[in-house]
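Colleague: My structure is below; once you've seen it, I'll send some questions.
Numbering (the numbering used here), first residue to last: 73 to 701.
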């Protein structure tokens with residue numbers, strides 16, 4: 073592909089030619105002659121005159137090219153003891169059958185289908201079936217609370233909901249049907265039908281508007297791929313909104329397919345016949361992009377894993393999966409590796425598995441602290457690559473593109489902006505800041521293919537949320553800096569920059585210092601209200617398994633560590649050792665929730681929380697009413 077600088081320069085100096093060339097990796101019904109339509113700016117559209125079908129590109133074209141017997145998808149479920157494999161031919165046929173079933177239910181091009189599923193192959197099949205007939209899918213994380221599911225049903229107004237009888241969280245079986253029934257009861261919009269996949273762990277009782285998945289596909293004629301405009305929406309994916317109303321991120325078909333296909337080779341170094349294991353969930357953008365669509369678009373094999381990084385049954389499961397399926401590239405969240413490190417600090421469980429095929433470990437989802445980076449690098453002896461992106465962007469903004477040219481790693485940085493992403497750092501007045509100075513991280517418009525063109529039925533909110541802070545720029549909501557070498561350092565969300573007696577301090581820098589302590593498995597620093605200084609930082613740490621030292625001794629060492637690394641100005645005088653930190657199901661620490669509780673606000677617990685009991689245990693500590701553990 074050439075050197076990074078050459079490729080990046082081509083993407084910024086002649087984006088029209090760059091992206092039309094990238095588009096040649098996709099099979100088009102009508103090939104685009106234009107890359108960018110800027111006539112409706114700031115609502116940009118990519119490949120406006122092209123037509124394609126994303127499902128055809130993900131499945132049929134590989135079968136037609138003679139690779140139908142190659143593995144497309146491997147389902148590995150340690151929580152059920154189940155493994156299944158799907159060749160490209162089998163996956164195409166099952167997708168075509170379910171697409172035919174949806175068509176029999178009256179689902180047409182442009183109709184919405186909400187998918188409320190656990191991590192089973194049928195979740196991916198339902199997504200691809202929607203893409204096949206031009207329906208717009210909206211995946212909601214399985215087990216989401218009924219109220220949150222109802223909000224999404226009302227916003228997307230689906231004709232059909234696809235769900236399962238149950239999901240499995242660790243050792244718990246969670247019945248989905250009662251949650252779905254309650255959500256439909258709460259929703260103003262009523263879907264016409266619900267299709268339920270019956271799982272052996274718990275059978276659901278079907279009502280008058282419900283259909284059994286197996287019965288539906290048994291009589292359905294297979295559906296062909298529908299040719300769609302490149303700007304036709306492929307899916308809606310909801311992300312939390314500040315008003316409580318979820319924001320429906322829209323993903324187009326053509327731009328997304330081109331960007332994902334390009335990223336697989338350039339960023340992840342994965343091609344046809346190679347295996348990628350992404351330890352995430354189809355309910356998140358990572359699952360959409362790098363479990364389902366991107367690996368299939370390039371003809372790779374993707375692993376769909378139903379389980380946790382630890383506890384199902386142990387902290388060696390990711391190594392087992394990587395070894396058994398000869399995974400070349402693994403991608404998961406830093407929190408997964410912190411959990412593995414906490415349970416197996418010395419990484420002894422890797423000894424049981426042949427990891428010689430593993431070439432790259434990619435981590436994203438929240439900031440990769442240097443300690444976790446160094447631990448994983450030393451353990452695996454392969455490149456550990458931090459990269460940064462968002463639900464809204466659909467694919468990485470900043471990464472070390474090993475398929476183009478691997479750059480030297482700087483711990484704490486996801487490296488440099490990828491081609492197509494013009495990343496800047498601005499001060500509150502909108503002026504560029506010098507190298508090394510923190511500010512708001514923004515992207516100069518237009519955003520590249522694959523990024524959101526707008527929000528579902530809400531252009532006004534799209535502009536207000538992302539484009540209004542700085543004219544001509546997309547606001548990422550993250551803060552950080554770019555150094556003299558062009559490396560981007562993402563230090564946290566903009567509201568994680570705290571003001572201590574007039575000094576603007578990054579909580580990410582303090583977390584970096586805490587994580588450097590040899591006894592610390594993971595940590596969080598929040599800014600809490602203070603009458604004298606405006607805000608003061610408070611730290612919370614979880615210790616590694618097997619550490620039995622006195623908590624007060626460790627806490628004192630941590631306070632001193634931050635003082636030594638950042639200086640007295642950091643003013644971190646309170647660090648508490650706690651049993652666990654509250655997280656979302658995707659592994660992000662709920663810092664805002666912690667801050668709200670510490671400041672005395674009784675905000676509702678977010679629906680994305682993985683274990684609400686962790687918050688309740690932490691509540692007296694946050695309010696200084698009780699012991700830390």
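We put the CB at the ideal spot given by N, CA and C, even for glycine.
Does the Cβ-Cβ distance between residue 419 and residue 381 come in under 9 Å?
Modeller: Going by C-beta atoms, residue 419 is not nearer than 9 Å to residue 381.
Colleague: Which same chain residues, not among the five before or five after residue 264, have their C-beta less than 8 Å away from its C-beta?
Modeller: 177, 178, 231, 232, 281
Colleague: What's the call for residue 655, buried or exposed, on a 16-neighbour Cβ count within 10 Å?
Modeller: buried
Colleague: Tell whether a beta-carbon distance below 9 Å holds between residue 409 and residue 435.
Modeller: Yes, the pair counts as a contact, with Cβ atoms nearer than the cut-off.
Colleague: Among the residues of its own chain, which have a CB less than 6 Å from the CB of residue 508, if the five just before and after it don't count?
Modeller: 553, 555
Colleague: In whole angstroms, what is the alpha-carbon distance linking residue 470 and residue 459?
Modeller: Using only the alpha carbons, I get a separation of about 6 Å.
Colleague: Run the CB neighbour count on residue 544, radius 10 Å, all protein chains shown included, and call it buried at 16 or more, exposed below.
Modeller: Burial call: exposed.
Colleague: Pick out whichever of 255, 474, 596, 405 has its Cα sitting closest to the Cα of residue 690.
Modeller: 596
Colleague: So, is residue 658 buried or exposed, given that buried needs 16 or more other C-beta atoms within 10 angstroms?
Modeller: buried
Colleague: Considering just the uninterrupted stretch of the beta strand (DSSP E) at residue 490, what are its terminal residues?
Modeller: Boundaries for residue 490: no beta strand (DSSP E) harbours it, and the DSSP string shows neither H nor E there.
Colleague: When the Cα of residue 586 is compared with those of 255, 620, 627, which residue comes out closest?
Modeller: Nearest C-alpha to residue 586: 627.
Colleague: Mapping DSSP to helix, strand and coil, what is residue 682?
Modeller: coil
Colleague: For the candidate residues 367, 238, 415, 421, whose alpha-carbon lies nearest to that of residue 393?
Modeller: 421
Colleague: Within 10 angstroms of the Cβ of residue 589, are there 16 or more other Cβ atoms? Answer buried if so, exposed if not.
Modeller: buried
Colleague: Just to confirm my understanding: we take residue 127, look at its own chain, exclude 5 residues before and 5 after, and list those with CB closer than 6 Å. What are they?
Modeller: 200, 203, 204, 297
Colleague: Pull up the distance between the alpha-carbon of residue 315 and that of residue 77, whole angstroms please.
Modeller: Note that residue 315 has pLDDT 49, beneath the 50 cutoff, so the model's placement of it is unreliable and no number is given.
Colleague: By how many angstroms is the C-alpha of residue 122 removed from the C-alpha of residue 100?
Modeller: 7 Å
Colleague: Using a 10 Å radius around the Cβ and a threshold of 16 neighbouring Cβ atoms, would you call residue 702 buried or exposed?
Modeller: Outside the shown range of the chain (73 to 701) lies residue 702, about which nothing can therefore be said.
Colleague: Span of the alpha helix (DSSP H) holding residue 307?
Modeller: Residue 307 -> not in any alpha helix (DSSP H); beta strand (DSSP E) instead, spanning 305-311.
Colleague: One question on the structure: do residue 307 and residue 322 come within less than 9 Å of each other, judged by their Cβ atoms?
Modeller: yes
Colleague: Please identify the residue among 631, 450, 256 whose C-alpha is closest to the C-alpha of residue 645.
Modeller: 631
Colleague: Inspect the beta-carbon positions of residue 473 and residue 338 and report whether they are closer than 9 Å.
Modeller: Yes, the Cβ-Cβ distance between residue 473 and residue 338 is below 9 Å.
Colleague: If you reduce the DSSP assignment to three classes, tell me which class residue 409 lands in.
Modeller: Of the three classes helix, strand and coil, the one that applies to residue 409 here is helix, per DSSP.
Colleague: Can you check whether the C-beta of residue 599 is within less than 9 Å of a C-beta belonging to chain D?
Modeller: Considering every chain present, this structure includes no chain D. It has just one protein chain.
Colleague: Restricting to runs no shorter than 4 residues, where is the alpha helix (DSSP H) found entirely within the segment 310-363?
Modeller: 326-338
Colleague: Taking the C-alpha atoms as reference points, what is the distance between residue 496 and residue 354?
Modeller: A straight line joining the alpha-carbon of residue 496 with that of residue 354 spans about 31 Å.
Colleague: Go ahead and label residue 125 buried or exposed: buried means 16 or more other beta carbons lie within 10 angstroms of its beta carbon, across all protein chains shown.
Modeller: buried
Colleague: Would you kindly work out how many angstroms separate the C-alpha atoms of residue 668 and residue 494, rounded to a whole number?
Modeller: 34 Å
Colleague: Helix, strand or coil: how does DSSP classify residue 643 here?
Modeller: coil
Colleague: Between the C-alpha atoms of residue 195 and residue 187, what's the straight-line distance to the nearest angstrom?
Modeller: Note on geometry: alpha-carbon atoms of residue 195 and residue 187 lie some 7 Å from one another.
Colleague: Could you check if residue 529 is buried or exposed, using at least 16 other CB atoms within 10 Å of its CB as the buried criterion?
Modeller: Burial call: exposed.
Colleague: On the DSSP bridge list, what partners appear for residue 155?
Modeller: Within the DSSP bridge table, the entry for residue 155 names 148 as partners.
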